[in-house]
Structure formats: structure tokens, C-alpha cells
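Heads up: the structure comes next, in C-alpha cells.
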Amino acid sequence: MNSYPQVLFKNRRPNETILLPEYEKNGGYQGLRAALKMSPAEVCGRVKESDLRGRGGAGFPTGIKWSFFPADQPGDKYLVCNGDEMEPGTYKDRQLLLADPHQLVEGMAIASYALQASIGYIFLRYAYEDCSQRVERAIAEAIAAGYLGKNILGSGFDVELHVHRSAGRYILGEETSLLNGLEGRRPNPRTKPPFPAQRGLFGRPTNVNNVETLATVPHILTNGTAWFQNLALNPQSAGTKLFGLSGHLNRTECFELPLGITLREVVEDFGGGVRAGKKFKACLPGGASTPYLTAEHLDLMMDFDPLEKVESRLGTAGVTVFDENTCMVAVTRNLNQFFARESCGWCTPCRDGLVTISWLLDRIEFGQASEDDLVMLKDQGRNIKGRSFCALAEGAMGPVEALLRLFADEIKDHIRKGCCPFK
Amino acid sequence: MSELLPQNQIDSFKAKAAAISHPHELIVDLLRAIQSHHGWVPDDGVLLTAETLGVLPIEVEELATFYDKIFRREVGKRVIHICDSICCWSTGAEMITDHLKKSIGISLGETTADGQFTLLPTCCLGACGDAPAMMIGLTTHGLLTTEKIDEILQQERAAIAAEG
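Line order of the protein sequences matches chains A and B. Residue numbering for the first sequence follows the working numbering, starting at -18 and increasing by one per position. Residue numbering for the second sequence follows the working numbering, starting at 799 and increasing by one per position.
Structure (C-alpha cells):
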């Protein structure tokens, strides 16, 4: 197993959370000190130059997102950390917050300064009470040490952070739903535009970033953009990424690996290979909404652009592996049931369309389908794709389309035999 | 019926609501506080939330019915959320769920006759590396086996008995 530079996980120890003194001893809050010596625009420029891309799933360049933010607009402006992490197969943010939560606090202090947004909210999902408590303790330590609060480190800049504990539902990971959730409004997604940077939380300019994205920022400020870019194995990319492994692997743990590492190395070396000596059949490369990769993709680089070239996505890099005995119709059925249940019900293509897809996948899996059902499945896909209000239904179609594209024979087998060939 | 929330907590929410310009942002916090104290959120809990924060009951209800981890019906002393998403499903969650159902004698969505357990399906708990997983209250249990479930249920039963 190759050993790669550890950045976000450098302080990580099993079943322990790093407290402030140790975080400081290992270079903690040096990024904030460096940032406060620069102008806010220079900090934004540094992040842009680093080529950091959002770690929440969409991979949008963080510095560019920040450059859209009206930092010089007077009045309240908000920074929001998206810690909803409810995409099945994704558990990296939890690992990060359990191990070393000060990285998020420091990253938010830097981002607040760069965007001149003094009030920050950390949105954490219901199941992450363990993380909420650790983040609250880190905030209290940071306030006592002068890293948060009024006039941080004598800079004249104030930063105030709040933790919001949510109460379930995947849709809150969608940034405008999340803002409704924070405001205490029914968390349906909002129309875009206006984008959150123009009118977000409480109608004010708001910037939303993922936990891992914000936690990466201090390291860029401390070590520089060239260092950050060189961390990636893909010369076109930058940085490390947390990969959460799951499914039919011998080792299902969360690893920090360079972007551009091959899927083969992730699966065979870090995942310890497919369990029980079985063959690799397919995987979700980055959560439930990312189209499958198969054995022919094993030598691809795990990175944003290379995966888009094969009609998939890096997503959250939560890699869920399926062995040769897995029925991909059954996998897709399970994934689609999740999306259908978690649909907020706001728009018809999602609310009704995903249920219809579920029904059709049931018919195929249980051997009740005819060729007509397959035609209907494709039709439904066309009616949902590009027609839903937010990205939930669009994401739900990722595995369905990949099933039709990569496992057409398997679907046909179900229809021909009148049963699931894997049972 | 037991009290919904101690008076000092109600007062503290009133003070917080008065100090901020957007009291709606406290609705989920208050619903969670009531649920944590009372076990679930009855109609009176919705009304108490509205009155405490100075918002409309419908504005509370539309949140209470949206979030799956807010219970608007009575639940058992322990709510077991069993994950049925992809990583748990692919590592035997269906078998684990069947064992749970048999052990406590109920189906998904039901509460045991003695009022000890409610069993609910949930989407991914963010414990995918430790699949299959479930959550009891706010505690996640991973790497579940039938033996481990027996052990956890026994501990929970003992804890419930100790609470009286």
C-alpha cells in the first residue's frame, strides 16, 4: 500500500478527537494568522489560485464561487457550512469532524474573513450528534483562545459561529433547502436565481461550502498553492480527497488519498480487494447519485474531469463496491427507493416520476416486466431529466441511466427469464 | 400525560426568541427539545412551540411533518432506526432487519405492545464503513450481526428497566 501525504487526516487517531493545544502544536491556526495579514480579496485570490474544487459532490471551483460573493456589500452576510452528508455511501465529513474538528473552525474563520461574512452557521445532520458535540467544544476552545468572537487575533474582524442540529431528510443537503431549514421554513428548494450569494439566508448574501472544502482552506493558506496542487497525482487537479470505502471490500474505511489515484489502487490496495475473493463488478464512485463504473474503468483516475469523461462523477468520493454476484437491477432499485422516499414532493417529475421508476424497477427485479416496461423506464427518464426543480431527481437518474447503458443485458435477462437471475 | 418541557427551558426559548430577529430559526430546536423531554411531539407540543416563539401553529406543523426524525405520533421508549440504504443493504441489512423484527415481535413502523421499542427504517446514517448500521436514540451502532443486536437489545431493555 502506497503511503501518501496526509493533510486533513494528519492528526487523526482512532477513537480520539484532537483538542486545541495539539492542533496548535501541529501548525493549527497558522493559516488564519497568515490570512489575517492579507486583504480579504487576496485570501480569495489565493484559494482561487489553488484550484480547490468543492468537496461536497458538485466539484465547483471554490475560489470562483467566493469571487461571486459581494464581500463589500454592507449589512449582514452569512457563511454556511453544509454538513448534511446524507448521500448514501458518504461518511467522510463525519470522520473528519470526529478526528480533527478545529480544521473546520479555522477554515470558517478564514472564509468569513475572505468573504467579510461575520456570521457562520454549521448545519449538521440529525445522525451526527457525535460531530455536533465535538464541533461545539472546538468552537468554545477557539473563542477562549481568541480565534473566534470579537476582534479575532487583534485584526478588528469579528466571527460568530453557530451549530444547527437538523432533524432528518436528504433534501436539506441541497443548498437552498438547507437555507430554508436554517431559517425554520419548510425545507423545499428555492428558485435559482437569485443565487444564495445574492439572496440567501434571511434574504442576505450567503456562501455555502461543504465541511471538507472549508477544512482544506487553512492548509492552503499555511502551505501555499503550489504545495496544494502538487498533492494531486493528476497534474490537472489539486489536493487530496477523503475517500470513504464501503460495500463488498475487505477494508471499508475512510482514507485521505491524492486526487488522480486510480480506481484500481483504491479498490485493491486501500480497500484490500473485493471480499471473499470475488471479482469486482461495479462501483458507485462517489455516492448514490453517481453513475456506475465497471471493471473497464479500474485504471481511470479518481478525479472530477476524468470521471465526467466516462459519463460518471467523482461526487463525494464515497466508493461503494459491488461484487460479481450482485444484481445491478436490485442495486438500482434500492438506490431509487432512497431517492423516491427522500423527494421533498415539491415538483411533479421528482415526486411522481421517481415512484414510477421504483415501480418499474420492482417489476423488472421480480420478473413481472415486459419489453413495454423497459420502454416506459426510458421514457420516464426522459421526462425527469432536466425537468425537475432541483438536482435531487437529476441525481436519482444517474444510476438508472448507468443501468440502462452498462447493464442492458442484465435487464433483458430479468425480463426473459421472468425472475432475477442472481437469486 | 407527562409535561412537554420544563418551564425553565420554555422561558429560555422565549428569551432567545425575543433576542433575535428571526424566531422561526428556533422551531426545529424547540421541537427537538420537546421530543427529547416528552418522547414525541403531540398537538400540544406544536401549539406550545408556536406560542413560545410567537409564530403560527401551521408554521410549526409544516416543519414537524417534514422532518422524519420528529415524531408526531407516540413512539416507544427507544426508537430504533435501521438503515436500508445501499451500503447497509449490500452488507446484509435485510437479514439484520428481519432479525430485529423477530426479536421484538413487530414490523417496520410499529411500536411494541409494552411501549419499549419503535422500529423505523431510515436512509443512510453516515456509517457506511461500519455497515450494516442502526441508530437508537442518537447513538449509532455499526458492524451489526444478529449476536450484536441481541446484546444491544438486552442492554437497552436493562436501561429502560433501570429508568423505571
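No residue lacks a Cβ here, since even glycine has one placed at the ideal position from N, Cα and C.
Reference residue i; option with closest CA among the options
i	options	result
K6 of chain A	A:L142, A:N(-8), A:N(-4), A:I242	A:N(-8)
A956 of chain B	B:C921, B:I856, B:A929, B:F915	B:F915
V312 of chain A	B:T889, B:E857, B:K814	B:T889
S800 of chain B	B:D842, B:E945, B:A931	B:D842
D401 of chain A	A:A95, A:G379, A:A350	In the sequence as presented, Asp is not what sits at residue 401 of chain A; that position holds Cys. Here the closest residue by C-alpha is A:A350.
D81 of chain A	A:F183, A:A119, A:D57	A:A119
Y10 of chain A	A:Q114, A:I133, A:A108, A:A276	A:I133
L159 of chain A	A:L13, A:N188, A:V140	A:N188
G376 of chain A	A:R322, A:I392, A:T271	A:T271
P919 of chain B	B:N806, B:P840, B:L803, B:S883	B:S883
F347 of chain A	A:V381, A:C308, A:L195	A:C308
E193 of chain A	A:L79, A:T301, A:Q318	A:L79
L244 of chain A	A:D57, A:A263, A:S369, A:Q(-13)	A:A263
L85 of chain A	A:M357, A:G64, A:G135	A:G64
R294 of chain A	A:L195, A:A383, A:L33	A:A383
V858 of chain B	B:D896, B:P804, B:M893, B:L828	B:L828
L230 of chain A	A:V248, A:L195, A:Q217	A:V248
T863 of chain B	B:P840, B:K946, B:Q805	B:P840
R830 of chain B	A:T337, A:G149, A:L202	A:G149
Y4 of chain A	A:Y107, A:A15, A:N(-4), A:L(-11)	A:L(-11)
K875 of chain B	B:E849, B:G913, B:L941, B:D896	B:G913
R363 of chain A	A:E289, A:G334, A:R146, A:E(-3)	A:G334
I856 of chain B	B:K814, B:H822, B:G837	B:H822
Whole-angstrom C-beta distance between residue j and residue i, which should lie under 8 Å
i	j	result
Y59 of chain A	A98 of chain A	6 Å
C781 of chain B	T71 of chain A	Because chain B spans 799 through 962 in this model, residue 781 of chain B falls outside it and cannot be assessed.
A178 of chain A	F50 of chain A	5 Å
L373 of chain A	I100 of chain A	The Cβ separation is near 28 Å, so there is no contact.
F251 of chain A	F261 of chain A	So it is not a contact: roughly 14 Å between Cβ atoms.
E68 of chain A	T301 of chain A	The pair is not a contact, with the Cβ atoms about 11 Å apart (cut-off 8 Å).
P21 of chain A	A95 of chain A	5 Å
N215 of chain A	L240 of chain A	6 Å
V28 of chain A	G44 of chain A	4 Å
E117 of chain A	V144 of chain A	6 Å
D280 of chain A	Q217 of chain A	In fact, because the Cβ distance is near 17 Å, the residues do not count as touching under 8 Å.
Heavy atom of the ligand COA within 7 Å of residue i beta-carbon
i	result
E391 of chain A	Ligands in the displayed structure: none, and consequently the ligand COA is not present.
Own chain partners of residue i with C-beta closer than 6 Å, once the 5 adjacent residues on each side are dropped
i	result
K405 of chain A	For residue 405 of chain A there is no data in the structure shown, the boundaries of chain A being -18 and 404.
C371 of chain A	E155, P170
P380 of chain A	T313, L316
I904 of chain B	T910, L917
Residue i - DSSP class collapsed to helix/strand/coil
i	result
M799 of chain B	Its pLDDT being 46, under 50, M799 of chain B is placed unreliably in this model, and the coordinates cannot settle the point.
P821 of chain B	helix
T850 of chain B	helix
E954 of chain B	helix
H876 of chain B	With the sequence shown as reference, residue 876 of chain B is identified as Arg, and His is not the correct amino acid for it. R876 of chain B falls in the strand class under three-state DSSP.
N188 of chain A	strand
A263 of chain A	strand
E234 of chain A	coil
L845 of chain B	helix
P930 of chain B	coil
H939 of chain B	strand
L384 of chain A	helix
T(-2) of chain A	coil
C112 of chain A	helix
C331 of chain A	helix
A816 of chain B	helix
C223 of chain A	The sequence as given places Leu at residue 223 of chain A; Cys does not occur at that position. It is a strand residue.
Y107 of chain A	helix
P855 of chain B	helix
G252 of chain A	coil
Y102 of chain A	strand
Same chain, Cβ closer than 7 Å to residue i, five either side skipped, listed in chain order
i	result
R75 of chain A	E66, Y109, C112
R332 of chain A	S324, G326
T233 of chain A	L226, S227
Proximal residues to residue i (C-beta, below 8 Å), its chain only, five neighbours per side dropped
i	result
D809 of chain B	none
D354 of chain A	L341, R344, I345, I396
I958 of chain B	K875, R876, Q914
Taking only runs of the alpha helix (DSSP H) that begin and end inside the segment 888 to 923 of chain B, which ones reach a length of at least 4 residues, in chain order? Whole alpha helix (DSSP H) segments, 4+ residues: 891 to 902.
To test your reading of the DSSP string, which unbroken beta strand (DSSP E) runs of 3 or more residues are found completely within the segment 268 to 308 of chain A? List check, beta strand (DSSP E) in window: 299 to 304.
Quick check for students: name the residue ranges of the alpha helix (DSSP H) that lie wholly in the segment 121 to 175 of chain A, counting only runs of 4 or more. Segments of the alpha helix (DSSP H) lying fully in the segment 121 to 175 of chain A: 156 to 164.
Threshold first: 3 residues or longer. Then list the beta strand (DSSP E) segments lying entirely within the segment 13 to 100 of chain A, N to C. The qualifying runs are 59 to 64.
Which full runs of the alpha helix (DSSP H) of 4+ residues lie inside the segment 314 to 375 of chain A, going along the chain? Complete alpha helix (DSSP H) runs here, min 4: 329 to 332, 334 to 346, 352 to 365.
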